[in-house]
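K.L.:
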Amino acid sequence: MIESTLTVEAGAPSLFQTRTLAALLGAAHSSLEAQLGTDLATLPDQPGFSER
Numbered sequence: 011m012i013e014s015t016l017t018v019e020a021g022a023p024s025l026f027q028t029r030t031l032a033a034l035l036g037a038a039h040s041s042l043e044a045q046l047g048t049d050l051a052t053l054p055d056q057p058g059f060s061e062r
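This note's numbering numbers the first residue of the sequence shown as 11 and each following residue consecutively.
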């Protein structure tokens with residue numbers, strides 16, 4: 011498990027922080043897809059899946 015602490019000072023986050031957060035979210039997304047064995051974008055088309 012990757013633990014990361016991002017500190018954002020007053021104002022907009024730095025480019026490094028933005029890229030780091032994007033990379034962490036991308037890695038989590040890919041990891042979840044790998045665990046589920048499916049592409050998350052196709053979930054609504056799967057039988058038995060109902061959007062709320």
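By construction, the Cβ of each residue, glycine as well, lies at the ideal position given by its N, Cα and C atoms.
(1) Mapping the DSSP letters down to three states, classify residue 36 as helix, strand or coil.
(2) Answer yes or no: do residue 105 and residue 34 have a C-beta to C-beta separation smaller than 9 Å?
(3) Assuming the contact rule is C-beta atoms closer than 8 Å, residue 86 and residue 50 should be a hit. Round their C-beta distance to whole Å, please.
P.N.:
Let me lay it out:
(1) Position 26 of the sequence shown, counted from the start, is the residue given in the question as residue 36. Correct three-state label for residue 36: helix.
(2) Lying before the first or after the last residue shown, residue 105 is absent from the chain, which here runs from 11 to 62.
(3) The requested residue 86 does not occur in the structure, where the chain is confined to residues 11 to 62.
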